[in-house]
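Numbers given in this note's numbering equal positions in the sequence shown, counted from 1, plus 21.
Backbone N, C-alpha and C fix where the C-beta goes; we use that ideal spot for every residue, glycine too.
Keep in mind that this is a model prediction, so the values were computed, not measured.
Written out below as structure tokens is the structure these notes cover.
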Amino acid sequence: MKTTLRTYAMQLAAIGAVLLLAFWQTQAGDSQAAAVSAPSDMRCTPHGQIHYRGAAPSFHCDLAEMFALASAQEQRGHISTMFVRDSGAAGEHWIPAAQAQYIGRQPRQPLLAFADKQHALDYASRNGIQTMPYSLALLGVRD
């Protein structure tokens, strides 16, 4: 019984931490830092960047992995903001992660972010998947 209660308490604590991070980033306004261009020597196309207070941003090729890292209990530093690449725009168009609309992950398909909700809805309807807000993407909820 203790293991079940301990597991339940840890899950609640993790969910609370993720929701607090989502709330804090929304309230902080993501404007404290500016998105930067990805290094040209990356082996993949970066789709997300985490800005840690007092450190260079870290770039991530997969948004699901980036959000898992951001919601982990142990952090490399204090996260000041996160940016994601707008899948509805050409080139490196970075937007605050808390302001994006997300497309749920399907088998062999990455988690995608869109600045424009209508672009996200159009993409989702063409591909038979649903959209989700930042808070659910951060929690790792997928279709």
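C-beta atoms of residue i and residue j nearer than 8 Å
| i | j | result |
| --- | --- | --- |
| residue 68 | residue 90 | no |
| residue 71 | residue 60 | no |
| residue 123 | residue 134 | yes |
| residue 140 | residue 109 | yes |
| residue 54 | residue 101 | yes |
| residue 112 | residue 75 | no |
| residue 118 | residue 155 | yes |
| residue 105 | residue 121 | yes |
Close-in-space but distant-in-sequence residues of the same chain around residue i (CB under 6 Å, 5 per side omitted)
| i | result |
| --- | --- |
| residue 137 | 109 |
| residue 87 | 69, 81 |
| residue 166 | The structure shown does not extend to residue 166, since the chain is modelled only from 22 to 164, so the question has no answer here. |
Residues near residue i in its chain [Cβ-Cβ closer than 7 Å; skip 5 each side]
| i | result |
| --- | --- |
| residue 63 | 80 |
| residue 142 | 152 |
| residue 56 | 70, 104, 115 |
| residue 65 | 82 |
| residue 130 | none |
| residue 146 | none |
DSSP bridge partner residues for residue i (one or two, in chain order)
| i | result |
| --- | --- |
| residue 133 | 124 |
| residue 102 | 72 |
| residue 80 | 70 |
| residue 107 | 134 |
| residue 152 | 124 |
Cut-off 8 Å between Cβ atoms - residues of its own chain near residue i, not counting five sequence neighbours on either side
| i | result |
| --- | --- |
| residue 58 | 113 |
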